[in-house]
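K.L.:
Numbering (my numbering), first residue to last: 2 to 293. For every residue, glycine included, the Cβ atom is placed at its ideal position computed from N, Cα and C. The structure presented is a predicted model; accordingly, all values stated were derived computationally and were not measured.
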Ligand code: G1P
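1) For residue 193, which three-state DSSP category applies?
2) Are the CB atoms of residue 135 and residue 40 nearer to each other than 7 Å?
3) Since residue 207 contacts residue 173 with CB under 8 Å, what's their CB separation in whole angstroms?
4) Report whether the distance from the Cβ of residue 253 to the nearest heavy atom of the ligand G1P is below 6 Å.
5) In its own chain, which residues sit with a C-beta less than 7 Å from the C-beta of residue 120, not counting the 5 before and 5 after it?
6) Less than 7 Å between the beta carbons of residue 161 and residue 249, yes or no?
7) With 16 as the cutoff for other CB atoms within 10 Å, does residue 231 come out buried or exposed?
8) Measure from the alpha carbon of residue 245 to the alpha carbon of each residue in 22, 190, 258 and 212, then state which is nearest.
9) Measuring from each Cβ to the nearest heavy atom of the ligand G1P, keep the ones under 6 Å and list them in chain order.
10) Taking the beta carbon of residue 92 as the centre, do at least 16 other beta carbons fall within 10 Å, making it buried, or is it exposed?
11) Beta-carbon within less than 6 Å of residue 43's beta-carbon, same chain only, minus the 5 sequence neighbours each way: which residues are those?
12) Apply the 10 Å Cβ neighbour rule to residue 66 and answer buried if 16 or more other Cβ atoms are within range, or exposed otherwise.
13) Using CA coordinates, which residue listed in 8, 7, 203 and 25 is at the minimum distance from residue 171?
14) Suppose contacts are defined by Cβ-Cβ distances below 7 Å. Is residue 216 in contact with residue 126 by that definition?
15) Excluding the 5 residues preceding and the 5 following residue 102 in the sequence, name in chain order all residues of the same chain whose CB lies nearer than 7 Å to its CB.
16) So who's on the other strand from residue 187, going by DSSP bridges?
17) Going by DSSP in three states, residue 228 sits in which element: helix, strand or coil?
18) List in chain order: all unbroken beta strand (DSSP E) runs of 3+ residues lying wholly within the stretch 26-81.
Quick look at the structure:
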């Protein structure tokens, strides 16, 4: 078998972001900033750090601010240059240099599986990463980088996975799996189910928004029927893939924040701000002085 590198990362970003209304009525949820950087930029930087050279963003209506964000802004650059604000100029330019970014549209929000299928032609016949930008993973090594290493060892699809408490499992894809004998971070997947009832969940191992998938997934996504919530689910596509290939769950090093949820977003904001050299010390002192 020819060993292929994971060179492309797909970002499904056509959802309506209903969990974050009213902020997401006219603004994509992927553009919500954690401190001063939009969610999608954290994801793109993670993909680039993992070795991905091409970023494929699946967009929909009202999502053009994402394209502007990763493009050059000549007006802004001219103003910053004139005012000699060179550090800011570098920040403004850096986004457009991150990677090759291409966009394709999902005309109808038919589900995550359908969104990923939109990338079929752009991905072609090679393994690829999928990142859901509202899952932000704070990790020393980078979550996707760890997963790419696991892919290189196994040459199989890898799903980021985390153990969640109690009924929370019903918010996720859930893995029926056993620990791999050779690598303690890997879980050999037997079966999977999208958003099970707590009583029916085969485990507490949730899928998080990080995937490396083999290109056969596209054939599977072309045949699946609407599943949980009446949507074409990526989980059902990967379940179908299990008939042909091994699939692993992967316990990554790092802390995941569900930044698409208001409380998760607030927690992530505080933690990310506290880690910053420029803001952390004063923010911490301010927090301590408050009488919340
Ligand atoms: C999606 C997937 C689900 C996964 C989750 C991770 O669900 O369908 O399997 O566990 O992302 O965040 P969503 O959060 O879009 O409902």
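P.N.:
Let me lay it out:
1) Start at 1 with the first residue of the chain shown, and residue 193 comes out as number 192. Correct three-state label for residue 193: strand.
2) Counting from 1 along the chain shown, the entry for residue 135 is found at position 134. Counting from 1 along the chain shown, the entry for residue 40 is found at position 39. Contact flag set, yes.
3) By one-based count along the chain shown, residue 207 stands at place 206. By one-based count along the chain shown, residue 173 stands at place 172. The pair is a contact, with the Cβ atoms about 4 Å apart (cut-off 8 Å).
4) Within the chain shown, residue 253 is the residue found at index 252, counting from 1. The answer is no for residue 253.
5) By 1-based counting over the chain shown, the position of residue 120 is 119. Cβ neighbours of residue 120 beyond the five flanking positions: 11, 57, 59 and 105.
6) On the chain shown, position 160 is the one that residue 161 refers to. On the chain shown, position 248 is the one that residue 249 refers to. Cβ atoms of residue 161 and residue 249: not closer than 7 Å.
7) Position 230 of the chain shown, counted from the start, is the residue given in the question as residue 231. Per the 10 Å Cβ criterion, exposed.
8) Stepping through the chain shown from its first residue, residue 245 is reached at position 244. Residue 190 is the option with its Cα nearest to residue 245.
9) 113, 133, 136, 173, 174, 195, 207, 208, 209, 210, 234, 235 and 236
10) Taking the first residue of the chain shown as position 1, residue 92 is located at position 91. Exposed is the call here.
11) The residue given as residue 43 occupies position 42 in the chain shown. Here the set comprises 137.
12) Here residue 66 refers to the residue found at position 65 of the chain shown. Counting Cβ neighbours within 10 Å, residue 66 comes out exposed, since fewer than 16 surround it.
13) Looking up residue 171 in the chain shown gives position 170. Out of 8, 7, 203 and 25, 203 has the C-alpha closest to the C-alpha of residue 171.
14) Against the chain shown, residue 216 aligns to sequence position 215. Against the chain shown, residue 126 aligns to sequence position 125. It is a contact, given that the beta carbons lie within the stated cut-off.
15) Along the chain shown, one-based indexing puts residue 102 at 101. So the qualifying residues of the chain are 56, 58 and 71.
16) Within the chain shown, residue 187 is the residue found at index 186, counting from 1. Note: residue 187 sits in a beta bridge opposite 251.
17) Indexing the chain shown from 1 puts residue 228 at position 227. Looking at residue 228 - three-state DSSP - the assignment turns out to be coil, as it is neither helix nor strand.
18) 55-60
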